[in-house]
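Colleague: A single structure is presented below for examination.
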Amino acid sequence: MKHRGRHRRRRRGRAVRATLAGTALALTAAATVISASQATVTDAPGTLKPLSASAEAGRLPLAEHRVPGQWLDRLSSAMGRPVGVGTVLESADRPLRDAAECSTAEKHTLPVEPAATRAYCFGGADTRGWRPGAVTTSGDADDDGRWGENRVILSGWTNGAEGGSLDGPAPGQGLAKVAFVDANDPDRLRYTWALLAVPVDGGRDYRGLVSPLSGMVWYQDKLLVTTREGDRDALYVYDMDRIQRATVESDAVGRVRGGWAAHGSRYVLPAVGSYTLPGGDGAPRPATVSLDRSTSPDSLVASEWVPADGDRRTRLWRYPLSRDPARTGLLTTDSSGHANPVEAYETKTTDVRGVLAYRSGWYLDRAAGTPGGHGTLWRQDTEGARATECGTDETRHCWSGRSGSLSYWEETGEVWSQSGRMLFALPLASIDRALQRSTDQ
Numbered sequence: 001m002k003h004r005g006r007h008r009r010r011r012r013g014r015a016v017r018a019t020l021a022g023t024a025l026a027l028t029a030a031a032t033v034i035s036a037s038q039a040t041v042t043d044a045p046g047t048l049k050p051l052s053a054s055a056e057a058g059r060l061p062l063a064e065h066r067v068p069g070q071w072l073d074r075l076s077s078a079m080g081r082p083v084g085v086g087t088v089l090e091s092a093d094r095p096l097r098d099a100a101e102c103s104t105a106e107k108h109t110l111p112v113e114p115a116a117t118r119a120y121c122f123g124g125a126d127t128r129g130w131r132p133g134a135v136t137t138s139g140d141a142d143d144d145g146r147w148g149e150n151r152v153i154l155s156g157w158t159n160g161a162e163g164g165s166l167d168g169p170a171p172g173q174g175l176a177k178v179a180f181v182d183a184n185d186p187d188r189l190r191y192t193w194a195l196l197a198v199p200v201d202g203g204r205d206y207r208g209l210v211s212p213l214s215g216m217v218w219y220q221d222k223l224l225v226t227t228r229e230g231d232r233d234a235l236y237v238y239d240m241d242r243i244q245r246a247t248v249e250s251d252a253v254g255r256v257r258g259g260w261a262a263h264g265s266r267y268v269l270p271a272v273g274s275y276t277l278p279g280g281d282g283a284p285r286p287a288t289v290s291l292d293r294s295t296s297p298d299s300l301v302a303s304e305w306v307p308a309d310g311d312r313r314t315r316l317w318r319y320p321l322s323r324d325p326a327r328t329g330l331l332t333t334d335s336s337g338h339a340n341p342v343e344a345y346e347t348k349t350t351d352v353r354g355v356l357a358y359r360s361g362w363y364l365d366r367a368a369g370t371p372g373g374h375g376t377l378w379r380q381d382t383e384g385a386r387a388t389e390c391g392t393d394e395t396r397h398c399w400s401g402r403s404g405s406l407s408y409w410e411e412t413g414e415v416w417s418q419s420g421r422m423l424f425a426l427p428l429a430s431i432d433r434a435l436q437r438s439t440d441q
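According to UniProt numbering, the residues represented by the sequence shown are 1 to 441, in order.
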């Protein structure tokens, strides 16, 4: 597929606006009041501390590696001509339920303040045994909000029990798959699955990607996902024009008798490249990522994961994305093939599960401290920090219950995230208004 040139069309569909307004009231009414057991947080993380991106603390070069083109060609020759996103969406036949049809327990995981204005839930049978983690959209892929003629949401899942840390999957678990969601009609979202894979044996076969999906960015024709497969893996790269069909319905992965299997998914995304970390023990790694279109060039922002009882601060990085037409969707690299951050910060916020940067602000999604509780969404910059407050005790535990990655759909002004089986959105403007109210009180 020829990548379309970027163009700034600020279209905001009337149907989308009407849905946002109507659903907001229903979700606000359904929001569960946070219990008093979640005490008010008084220890604000303070300002972001700038780090020199060339100094040891802020330096995090990522080495780019490409899967040989002949491997990919050999795989597509055996599996059949690759398809694009539009073809995948044509087979999206699994419905996402509107929030009104989701259970009370599922809706309890939604943000309380500000409330979600759109929310949907995945079916339990379809996702049982899988853990949600990452979200990106066609609003990341192209600044008109569409890929071709389609509005699309990608939701990443990892095989394994829900909850847990970002350290990696348990033995025998950890396959990663992505739900391709047809979001053209906000009242009728439907999806199908694609397994993330890695070519092996010179492109004669593939294995499943075994890693939690805690961050994901779809930019131009590439999908970048955070990985924790080995000591040095940081990001895997997938080509949205190189989606392969699975031909055998099986729990197996790869070449099987009679064709190709993808653990029950209809499609397979074979990796076309990766970014690896420097060697050495204790090297930080990006745990969650998002796209920032407010910079020039567009940039990828990343946060590491530091547990709440960790003995150090969380680091944040910004990497510029390439403007080279021959390197669509990839990070800018130097002559040695390394992508280097152009900004780095430290924050006292720990257990960060989602990061978003827009203009001067960094939004950090901190996980709930208790089972069944709610997390906190901080907005930080070099001048201070603020979080929304809610409940009679003015607690800051107002964000989603099972925190996930953040993605800003600039064309609609919405922030998308995922909490448990709930996929939800709300305007960035409503987040900023709630943050302003918290400082005015």
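Cβ coordinates follow ideal geometry from the N, Cα and C atoms, glycine included. In this text, all values refer to a predicted model and were calculated from it rather than measured experimentally.
Going by beta carbon distance, what residues of the same chain come within less than 7 Å of Gln436, once the five residues before and after it are set aside?
Modeller: Walking along the sequence shown from the start, residue 436 turns up at place 436. Excluding positions up to five away in sequence, the list is empty.
Colleague: My output table needs one value for Gln70: the three-state DSSP class, helix, strand or coil.
Modeller: Sequence index remark: in the sequence shown, residue 70 carries index 70 (1-based). Residue state, collapsed to three classes: helix.
Colleague: Given Arg74, which residues of its chain have a CB within under 7 Å of its CB, disregarding the five upstream and five downstream residues?
Modeller: Taking the first residue of the sequence shown as position 1, residue 74 is located at position 74. The residues are Gly202, Gly203, Arg204.
Colleague: Within 10 angstroms of its Cβ, does Ser430 collect 16 or more other Cβ (buried), or is it exposed?
Modeller: The count along the sequence shown starts at 1 and reaches residue 430 at position 430. It counts as buried.
Colleague: In chain order, what residues of the same chain have a beta carbon less than 6 Å from the beta carbon of Ala367, not counting five sequence neighbours either side?
Modeller: Here residue 367 refers to the residue found at position 367 of the sequence shown. Around Ala367: Asp351, Arg353, Gly375, Ser403.
Colleague: To the nearest angstrom, how far is the alpha carbon of Arg117 from that of Ser155?
Modeller: Counting from one through the sequence shown, the residue named residue 117 turns up at place 117. Counting from one through the sequence shown, the residue named residue 155 turns up at place 155. The amino acid occupying residue 117 in the given sequence is Thr; Arg does not appear at that position. Roughly 18 Å separates the two Cα atoms.
Colleague: Using CA atoms only, rank isn't needed, just tell me which of Pro270, Ser303, Gly273, Leu291 is closest to Arg285.
Modeller: For the purposes of this step, residue 285 is taken as residue 285 along the sequence shown, with counting starting at 1. That would be Ser303, whose Cα lies nearest to the Cα of Arg285.
Colleague: Quick one: what's got a C-beta closer than 7 Å to Trp409's C-beta in the same chain, skipping five residues either side?
Modeller: Against the sequence shown, residue 409 aligns to sequence position 409. Thr137, Gly139, Gly145, Trp416, listed in sequence order.
Colleague: What number of angstroms, rounded off, separates the C-alpha of Tyr363 from the C-alpha of Asn184?
Modeller: Along the sequence shown, read from residue 1 onward, the residue named residue 363 stands at position 363. Along the sequence shown, read from residue 1 onward, the residue named residue 184 stands at position 184. Near 27 Å, if we compare the C-alpha coordinates of Asn184 and Tyr363.
Colleague: Roughly how many angstroms separate the alpha carbons of Leu428 and Val256, rounded to a whole number?
Modeller: What you label residue 428 is simply residue 428 of the sequence shown in a count that begins at 1. What you label residue 256 is simply residue 256 of the sequence shown in a count that begins at 1. For Leu428 and Val256, the distance between alpha carbons rounds to 46 Å.
Colleague: Would you mind sorting Thr347 into buried or exposed? The rule is 16 or more other CB atoms within 10 Å of its CB.
Modeller: The residue given as residue 347 occupies position 347 in the sequence shown. The residue in question, Thr347, is buried, as its Cβ has 16 or more Cβ neighbours within 10 Å.
Colleague: Under 7 Å from any heavy atom of the ligand SAM, does the C-beta of Ser76 make it?
Modeller: By its list of ligands, the structure shown contains no ligand whatsoever, and the ligand SAM lies outside what it can speak to.
Colleague: For the alpha helix (DSSP H) containing Ala125, list its first residue and its last residue.
Modeller: Reading the sequence shown from its first residue, position 125 is the one you call residue 125. Counting along the chain, the alpha helix (DSSP H) containing Ala125 begins and ends at 124–127.
Colleague: If I measure Cβ to Cβ from Thr109 and keep anything under 7 Å in the same chain, skipping five residues before and after, which residues do I get?
Modeller: Translated into the one-based positions of the sequence shown, residue 109 becomes position 109. Cβ neighbours of Thr109 beyond the five flanking positions: Ser400, Gly401, Arg402, Ser419, Gly420, Met422.
Colleague: In whole angstroms, what is the alpha-carbon distance linking Gly373 and His397?
Modeller: Taking the first residue of the sequence shown as 1, we reach residue 373 at position 373. Taking the first residue of the sequence shown as 1, we reach residue 397 at position 397. The straight-line gap from Cα to Cα measures roughly 8 Å.
Colleague: Since I believe Gly46 is in contact with Ala385 (beta carbons under 8 Å), could you give me their beta-carbon distance rounded to a whole number of angstroms?
Modeller: Within the sequence shown, numbered from 1, the residue matching residue 385 stands at position 385. Within the sequence shown, numbered from 1, the residue matching residue 46 stands at position 46. Their Cβ separation, rounded to whole angstroms, is 6 Å, which keeps Ala385 and Gly46 in contact under 8 Å.
Colleague: Just to confirm, are Val210 and Gly259 a CB contact at a threshold of 8 Å?
Modeller: As a position in the sequence shown, residue 210 is number 210, starting the count at 1. As a position in the sequence shown, residue 259 is number 259, starting the count at 1. Taking 8 Å as the Cβ cut-off, Val210 and Gly259 do not qualify as a contacting pair.
Colleague: Per DSSP, which one or two residues make a beta bridge with Lys49?
Modeller: Here residue 49 refers to the residue found at position 49 of the sequence shown. Its beta-bridge partners are Glu346.
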